[in-house]
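K.L.:
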Amino acid sequence: MEQKILKKEDIGKLYNEFSSEYKFYAPIKQKGNIVFERIENPDDIVLDYLNSRIPPKSILFPQMEVLFEYKLDDKDVEITDRQDLDEKFMIFGIRPCDAYSYELFANFFSFHGNWKDEIYLKKKENTTLIGIGCNTPRSTCFCTSVGGHPFNKENMDVFLTDLGETYLVEAISDKGKEIVKKLSWLSDAADKDVKKSEELAKKAEESFVTQIDVDTIVKNLEKSFDHPVWDEISEVCIGCGSCSYLCPTCTCFDVIDETDQYNNKGRRVRIWDTCQSCLYTLETSGHNPRDTKIQRCRNRIMHKFSYYPANYDLLGCVGCGRCIMVCPANNDLRDHLAKIEKIGKEEKEEKAVV
Amino acid sequence: MSNPYIPYLTRVKSIVTENKVNDIKTVELEFKNEEDYKKFDYIPGQFAEISIIGKGECPIGIASSPTEEGTIKFTIKKMGTVTSAFHASELGDIVGVRGPCGNGWPIEEMKGKNIVVIGGGFAFSTLRSLVLYLLDEKHRKDYGDITVIYGNRDPGEVLYKDVLDEWKKRDDIKVVLTIDREAEGWTEEVGFVAPIVKKVAPSPDNAIAVVCGPPIMIKTTIAVMEELNWGPEAILNSLEARMKCGIGKCGRCNIGNKFICTDGPVFSLAELKELPDEY
Numbered sequence: 001m002e003q004k005i006l007k008k009e010d011i012g013k014l015y016n017e018f019s020s021e022y023k024f025y026a027p028i029k030q031k032g033n034i035v036f037e038r039i040e041n042p043d044d045i046v047l048d049y050l051n052s053r054i055p056p057k058s059i060l061f062p063q064m065e066v067l068f069e070y071k072l073d074d075k076d077v078e079i080t081d082r083q084d085l086d087e088k089f090m091i092f093g094i095r096p097c098d099a100y101s102y103e104l105f106a107n108f109f110s111f112h113g114n115w116k117d118e119i120y121l122k123k124k125e126n127t128t129l130i131g132i133g134c135n136t137p138r139s140t141c142f143c144t145s146v147g148g149h150p151f152n153k154e155n156m157d158v159f160l161t162d163l164g165e166t167y168l169v170e171a172i173s174d175k176g177k178e179i180v181k182k183l184s185w186l187s188d189a190a191d192k193d194v195k196k197s198e199e200l201a202k203k204a205e206e207s208f209v210t211q212i213d214v215d216t217i218v219k220n221l222e223k224s225f226d227h228p229v230w231d232e233i234s235e236v237c238i239g240c241g242s243c244s245y246l247c248p249t250c251t252c253f254d255v256i257d258e259t260d261q262y263n264n265k266g267r268r269v270r271i272w273d274t275c276q277s278c279l280y281t282l283e284t285s286g287h288n289p290r291d292t293k294i295q296r297c298r299n300r301i302m303h304k305f306s307y308y309p310a311n312y313d314l315l316g317c318v319g320c321g322r323c324i325m326v327c328p329a330n331n332d333l334r335d336h337l338a339k340i341e342k343i344g345k346e347e348k349e350e351k352a353v354v
Numbered sequence: 001m002s003n004p005y006i007p008y009l010t011r012v013k014s015i016v017t018e019n020k021v022n023d024i025k026t027v028e029l030e031f032k033n034e035e036d037y038k039k040f041d042y043i044p045g046q047f048a049e050i051s052i053i054g055k056g057e058c059p060i061g062i063a064s065s066p067t068e069e070g071t072i073k074f075t076i077k078k079m080g081t082v083t084s085a086f087h088a089s090e091l092g093d094i095v096g097v098r099g100p101c102g103n104g105w106p107i108e109e110m111k112g113k114n115i116v117v118i119g120g121g122f123a124f125s126t127l128r129s130l131v132l133y134l135l136d137e138k139h140r141k142d143y144g145d146i147t148v149i150y151g152n153r154d155p156g157e158v159l160y161k162d163v164l165d166e167w168k169k170r171d172d173i174k175v176v177l178t179i180d181r182e183a184e185g186w187t188e189e190v191g192f193v194a195p196i197v198k199k200v201a202p203s204p205d206n207a208i209a210v211v212c213g214p215p216i217m218i219k220t221t222i223a224v225m226e227e228l229n230w231g232p233e234a235i236l237n238s239l240e241a242r243m244k245c246g247i248g249k250c251g252r253c254n255i256g257n258k259f260i261c262t263d264g265p266v267f268s269l270a271e272l273k274e275l276p277d278e279y
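The listed protein sequences correspond, in order, to chains F and B. Per our numbering, the first sequence starts with residue 1, numbered consecutively. Per our numbering, the second sequence starts with residue 1, numbered consecutively.
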């Protein structure tokens, strides 16, 4: 593996190499939060962040996205497909959990036979990820419990490690090797740099306090659809949907037509939607398959930890902890999972007492 | 690959008002491009996402049979924004169509079996498609006896009177029509669907039943069929849900780990018993 060193002051140089070929996105500070934005000034880039508030899913799956545009004639309609899907994206400074979420998105959007979501998949194909390891995971992070790691390089093209004064640069994929080749001005990494990055990875891994037994949870959920635990889990939820809007693996969307009546044209758009909203499943007849909060809270957790494993043999959670961070009612997914993990055990203990 | 959200464009070729209160219409659509029509290769029981572009899109079962070549038909009840826009549409208007979506009736597995079609009210559209398909001269020999039991609130609500009249003239299909309570001029059965099914008592031997209608009708009918010794594998339902994409992406039509739009809408009663009761 080729390992190089990038000086912190040279990030602008790296940006200049790629900003004309790629739509270059990176984390910046905005109104006190870290968000991924298209970069105009590389001095804005912030890499020593803990995690962005809005996940970078918003780059490839924006909160509002045009599916196609239309022109309405008196007795005719003209449809124009998206013309921008060949544009190339470079996402700089993405964390391993968020990089993995793109894989989950691509997996979900290419499922179901001939119906592939070309809009997302094309963008994903044209995206290069220059990610960075997490030296200091947040207290809400639990990626190691769901199969991830703060230094997971698998889904990256190029991987950076913050060594203090410099970044260690590793080319991971073929695409990444081409990128590193273009940065011919990078200096070679010394053995001590590589060793330091390994130590940082180990230290980060050891800093996790959360240990969740996901296998038991997946198994318990298979037979817990009607378990009273859902009453408890949904009790303090206020149904705002923040947990799912800001979840990097939540893919649900609504579709509406936006028509400019005065100019006889418009666009069909998709907008982030959430299974936590009671309108989400409300049918025109008035019937609603999930009209209670218990059902909606259950659906969110079942989807990620039961339906996802059943359908794709994957977990629908990357352990980023955003749902814990943003919940205005202090709901903590880790507590919910701990309750689910206990389901079988408690019953056994009760039996033992009797 | 191509953008799966872009509809084929069709034009309204005919509009038929199906009921006396005038809230159900059947719209016949002709594809603008012959090529698109060829790509729209469907079987009975599938649905499509149809749209009045500028107003929105909604999932509707295909009421025509693939054996009725040249056009496709949808029976639409005026309910919300999009269906109201359909009711306001005129001949020649453009309609967007995406699909066909969903699995459809298992016409291959049904071969060699007696078929019992039980419908209630407005839910008869994909049953119309199925029966027309079964009765087509190319397919009739592949299937055994065909029995249709179709119930409505009153005579004014009976859909597809023209095809029903044709079926009644044939000797290779038994058609039983019923209405909830007696009405002037009505000479056929009177009573809810479930007791009429009990009276007709279709045999479960080597048979498949297709049951579509309002939830209460389905519930009572299935109870009767269980009394008649029908097994859950032989009873098929078609489910509905709020849908946006119709192609397994927008998320909202799941029952457990299944999506009604891509795994269904047709499920056997045996399959439904395995799924959570959340539909």
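Here a beta-carbon is modelled for each residue, glycine too, at the ideal position from N, C-alpha and C.
Between B/ARG153 and B/GLY121, what straight-line distance do the alpha-carbon atoms span, to the nearest angstrom?
P.N.:
Between B/ARG153 and B/GLY121, the C-alpha separation is close to 7 Å.
K.L.:
For F/ALA329, count the other beta carbons within 10 Å of its own beta carbon; 16 or more makes it buried, fewer makes it exposed. Which is it?
P.N.:
exposed
K.L.:
Does any residue of chain B have a CB that is nearer than 7 Å to the CB of F/PRO248?
P.N.:
no
K.L.:
Comparing the C-beta of F/LYS182 with each C-beta of chain B, is any distance below 7 Å?
P.N.:
The Cβ of F/LYS182 sits no closer than 7 Å to any Cβ of chain B.
K.L.:
What is the DSSP secondary structure of F/MET90, counted as helix, strand or coil?
P.N.:
strand
K.L.:
Taking the C-alpha atoms as reference points, what is the distance between B/PHE124 and F/CYS297?
P.N.:
35 Å
K.L.:
In the DSSP output, what is B/SER65 paired with across the bridge?
P.N.:
Answer by DSSP bridge pairing: none, since B/SER65 is not bridged.
K.L.:
Could you name the residues of the stretch 243-254 of chain B whose beta carbon sits closer than 9 Å to any beta carbon of chain F, in the order they occur along the chain?
P.N.:
Hits within the stretch, in order: LYS244, CYS245, GLY246, ILE247, GLY248, LYS249, CYS250, GLY251, ARG252, CYS253 and ASN254.
K.L.:
Within this structure, are the beta carbons of B/PRO204 and B/ASN237 separated by less than 7 Å?
P.N.:
With respect to the 7 Å criterion, B/PRO204 and B/ASN237 are not classified as neighbours on the basis of their beta carbons.
K.L.:
Does B/ASP171 come out as helix, strand or coil in the three-state DSSP assignment?
P.N.:
coil
K.L.:
Do B/PRO202 and B/GLY133 come within 7 Å of each other at the CB atom, strictly closer than that value?
P.N.:
The residue you asked about is not Gly; residue 133 of chain B is Tyr in the sequence shown. Taking 7 Å as the Cβ cut-off, B/TYR133 and B/PRO202 do not qualify as a contacting pair.
K.L.:
Say whether chain F places a C-beta atom closer than 7 Å to the C-beta of B/MET217.
P.N.:
no
K.L.:
When you compare only the Cα positions, how much space is there between F/TYR245 and F/TYR22?
P.N.:
27 Å
K.L.:
With respect to the beta strand (DSSP E) encompassing F/TRP272, which residues constitute its N-terminal and C-terminal limits?
P.N.:
265-272
K.L.:
Is F/PHE109 helix, strand or coil by DSSP?
P.N.:
helix
K.L.:
Taking Cβ to Cβ, would you say F/GLN63 is nearer than 7 Å to F/TRP272?
P.N.:
yes
K.L.:
Which whole-angstrom value describes the C-beta separation of B/TYR8 and B/ASP36, a residue pair presumed to lie in contact below a C-beta threshold of 8 Å?
P.N.:
Cβ-Cβ separation between B/TYR8 and B/ASP36: approximately 4 Å, consistent with a contact (criterion under 8 Å).
K.L.:
Are the C-beta of F/CYS252 and some C-beta of chain B separated by less than 7 Å?
P.N.:
yes
K.L.:
Alpha carbon to alpha carbon, how far is F/ASP226 from B/TYR217? Give it in angstroms, no decimals.
P.N.:
In the sequence on display, residue 217 of chain B carries Met and not Tyr. In a straight line, the C-alpha of B/MET217 is about 26 Å away from that of F/ASP226.
K.L.:
May I have the straight-line CA-CA distance separating F/ASP291 from F/LYS71, to the nearest angstrom?
P.N.:
38 Å
K.L.:
Looking only at DSSP bridge pairs, what is B/ALA48 linked to?
P.N.:
In DSSP, B/ALA48 forms a bridge with B/ILE60.
K.L.:
Check this for me: beta carbons of F/ARG267 and F/GLU258, under 7 Å apart or not?
P.N.:
yes
K.L.:
Give the secondary structure of B/ARG98 by DSSP, where H, G and I count as helix, E and B as strand, and everything else as coil.
P.N.:
strand
K.L.:
Which residues in chain F sit within 8 Å of B/TYR42, going by Cβ to Cβ distance?
P.N.:
Here the premise fails: no neighbours, minimum Cβ distance about 13 Å.
K.L.:
Confirm, please, whether the CB-CB distance from B/LEU275 to B/GLY256 is below 7 Å.
P.N.:
Going by C-beta atoms, B/GLY256 is nearer than 7 Å to B/LEU275.
K.L.:
Among F/ASN155, F/TYR25, F/ILE343 and F/CYS237, which one has its Cα closest to the Cα of F/PHE89?
P.N.:
F/TYR25
K.L.:
Along the stretch 257-276 of chain B, where does the CB come closer than 8 Å to a CB of chain F? Name the residues.
P.N.:
ASN257, PHE259, THR262 and PRO276
K.L.:
To the nearest angstrom, how far is the alpha carbon of F/ASP10 from that of F/GLY344?
P.N.:
55 Å
K.L.:
Looking at the unbroken alpha helix (DSSP H) that takes in F/MET302, where does it start and where does it end?
P.N.:
293-302
K.L.:
Would you say F/ALA310 faces chain B, with C-beta separation under 7 Å as the test?
P.N.:
yes
K.L.:
Along chain F, which residues have their Cβ under 8 Å away from the Cβ of B/PRO4?
P.N.:
Within 8 Å of the CB of B/PRO4, the CB atoms of chain F belong to TRP115, LYS116, ASP117 and GLU118, in sequence order along the chain.
K.L.:
To be precise: take each residue of the stretch 65-87 of chain B, compare its Cβ to all Cβ atoms of chain F, and keep it if any distance is under 7 Å. Which residues remain?
P.N.:
MET79 and GLY80
K.L.:
Any beta carbon from chain F within less than 7 Å of B/ILE53's own beta carbon?
P.N.:
yes
K.L.:
Does the stretch 109-129 of chain F come close enough to the stretch 239-254 of chain B to have 3 or more Cβ pairs within less than 8 Å?
P.N.:
yes
K.L.:
Using CA coordinates, which residue listed in F/GLU341, F/GLY148, F/TRP230 and F/LEU121 is at the minimum distance from F/THR366?
P.N.:
Given that chain F is displayed from residue 1 to residue 354, the structure contains no residue 366 of chain F and the question cannot be resolved.
K.L.:
Relative to the C-alpha of B/PRO265, which candidate in B/ILE115, B/PRO100 and B/ASP145 has its C-alpha closest?
P.N.:
Of the listed residues, the one whose Cα sits closest to B/PRO265 is B/PRO100.
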